[in-house]
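Below is one structure, written out as structure tokens; the observations come after it.
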Amino acid sequence: MASTTDSYYVLNDGSKIPAIAFGTGTALFNQDCTKAIKFAIKNNFTHLDGAQVYGNEKWLGKGIAESGKTRDQLYIVTKLHPKLEVPPGKTLAEHVKESLKISIKTLFPDSKNLDDENPDEHVDLFLVHAPPRPFDPTNETHRELWKAMEAVKTAKLATSIGVSNFTVDDLEAIKPGFDPTSGITLEVVPSVNQIELHPYVWKTAAPIVEYCLSRGIRPAAYGGLIPLGRARALAPAPDSDDPGPVEAVLATIIIKDGPLTATPAQVLTKWLLQKGAIVVTTTSKSDDTAAKRLDESLKAPSLLDLTAEQIKEIDGAAGEEIRRKYMGHIFTEWDNKFKP
Ligand SMILES: NC(=O)c1ccc[n+]([C@@H]2O[C@H](COP(=O)([O-])OP(=O)(O)OC[C@H]3O[C@@H](n4cnc5c(N)ncnc54)[C@H](OP(=O)(O)O)[C@@H]3O)[C@@H](O)[C@H]2O)c1
1 MASTTDSYYV LNDGSKIPAI AFGTGTALFN QDCTKAIKFA IKNNFTHLDG
51 AQVYGNEKWL GKGIAESGKT RDQLYIVTKL HPKLEVPPGK TLAEHVKESL
101 KISIKTLFPD SKNLDDENPD EHVDLFLVHA PPRPFDPTNE THRELWKAME
151 AVKTAKLATS IGVSNFTVDD LEAIKPGFDP TSGITLEVVP SVNQIELHPY
201 VWKTAAPIVE YCLSRGIRPA AYGGLIPLGR ARALAPAPDS DDPGPVEAVL
251 ATIIIKDGPL TATPAQVLTK WLLQKGAIVV TTTSKSDDTA AKRLDESLKA
301 PSLLDLTAEQ IKEIDGAAGE EIRRKYMGHI FTEWDNKFKP
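Numbering (the UniProt record's numbering), first residue to last: 1 to 340.
As structure tokens, this is what we get:
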């Protein structure tokens with residue numbers, strides 16, 4: 001179990017990543033998120049999680065530009081569009097590099113030179129948003145894609161590269177070294193694997209987290225606060241308004257911070273941090289409640305650690321229930337009829 005008073009992790013390539021991130025997916029999907037980004041930065045967030053598919057990189061960039069922060073004060077992430085539509089006449093490697101250049105140009109419109117030798121802008125972390133499906137048993141599809149990701153790191157368009165929604169099999173498929181079936185040699189271990197992570201999916205996620213940590217891949221959690229409220233909409237019988245078993249368990253977990261008691265959101269965030277995960281959260285609002293929520297997330301690392309007993313209780317809080325919101329086509333543990 002990790003100790004989590006640090007607010008940064010050091011990735012396997014030596015770069016530092018803030019442990020708590022503000023995301024522009026979910027509630028901000030396809031939205032002008034300029035105000036939300038400025039608000040998050042004003043409230044001390046420096047790690048901003050974007051994606052090509054969120055359709056709002058332009059506004060993420062605008063929020064960054066209007067925040068008053070310098071580029072080196074911020075940590076910017078984007079993700080390769082999960083629909084890998086390679087234009088005719090292009091190789092996958094060309095497509096991946098060009099799509100990242102478009103993202104960088106969208107995020108940082110003042111950028112003038114994204115040439116391989118010495119680009120004047122970059123993202124801090126570029127992720128494959130989702131693994132290729134159907135799974136190619138030769139691993140060639142995975143390896144070709146990861147080779148293209150290695151090239152954008154070499155070109156300094158991304159300081160670090162990683163993946164998202166990868167299972168252990170997906171990660172095994174892109175292991176460094178020569179693969180005789182595909183003939184592709186890979187060199188870089190992903191720095192991050194961003195996955196849905198909360199007690200309702202812990203049974204599936206635990207082996208992935210363990211595998212990642214054993215190989216120096218930093219897990220990142222999204223959807224971590226799903227057990228608070230949003231789990232209702234994911235109930236096996238969604239109309240029942242059933243809060244599920246986790247909320248009640250969280251209410252019994254007490255962490256004291258001087259005279260204050262940690263909120264359930266902080267307990268969940270602390271649990272994720274003690275699993276060794278980066279935490280990607282968000283708020284769609286920019287009012288006092290939102291400021292309080294953001295502050296709670298950023299303060300979670302400095303709270304007293306949960307005890308081993310408390311962690312065990314949260315690990316088992318969902319019992320046999322699975323409530324997954326995202327990527328049901330990859331994580332197929334849920335009976336199809338209940339998939340969102
Ligand atoms: N890689 C992927 O496939 C993937 C998939 C999904 C998400 N993500 C990333 O992860 C980010 C976060 O995802 P998520 O929205 O599911 O994260 P989350 O942290 O589980 O949920 C955030 C939601 O919880 C509420 N909230 C925030 N702080 C709270 C607090 N202290 N107490 C109670 N409720 C609180 C917010 O509601 P209000 O809006 O009402 O404040 C917000 O909508 C996304 O924006 C995206 O960047 C990645």
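C-beta: ideal position from N, C-alpha, C; glycine also.
{"query": "C-alpha gap between Y184 and D257, whole angstroms", "result": "The residue asked about is misnamed: residue 184 is Ile in this sequence, not Tyr. Roughly 52 Å separates the two Cα atoms."}
{"query": "Residue from T269, T332, G276 and G316 whose Cα sits closest to the Cα of K299", "result": "T269"}
{"query": "DSSP beta-bridge partners of S164", "result": "Q194"}
{"query": "Beta-carbon spacing of G224, E321 below 8 Å", "result": "no"}
{"query": "Whole-angstrom distance between A262 and Q310, CA atom to CA atom", "result": "13 Å"}
{"query": "The stretch 60-67 in contact with the stretch 111-128 per 3-pair CB rule at 8 Å", "result": "no"}
{"query": "Beta-ladder partner(s) of T78, from DSSP", "result": "F126"}
{"query": "For P18, the first and last residue of its enclosing beta strand (DSSP E)", "result": "K16 to P18"}
{"query": "C-alpha distance - T159 paired with I208, whole-angstrom precision", "result": "24 Å"}
{"query": "Inter-residue spacing [alpha-carbon to alpha-carbon] between T138 and A173", "result": "9 Å"}
{"query": "Presumed contact (8 Å Cβ cut-off) between V77 and D124, rounded CB distance", "result": "6 Å"}
{"query": "With 16 other Cβ atoms within 10 Å as the buried cut-off, status of H198", "result": "buried"}
{"query": "Rounded straight-line distance, which links the Cα of L260 to that of D169", "result": "43 Å"}
{"query": "Pairwise C-alpha distance: M327 and L60", "result": "24 Å"}
{"query": "Cβ pair count under 8 Å reaching 3, the stretch 226-235 against the stretch 283-295", "result": "no"}
{"query": "Ligand 1 heavy atom lying under 7 Å from the CB of Y75", "result": "no"}
{"query": "Under 8 Å between C-beta atoms of L100 and V152", "result": "yes"}
{"query": "Any non-hydrogen atom of ligand 1 within 7 Å of G244 CB", "result": "no"}
{"query": "Continuous beta strand (DSSP E) stretch holding I184: start and end", "result": "I184 to L186"}
{"query": "Three-state secondary structure (DSSP) of A205", "result": "helix"}
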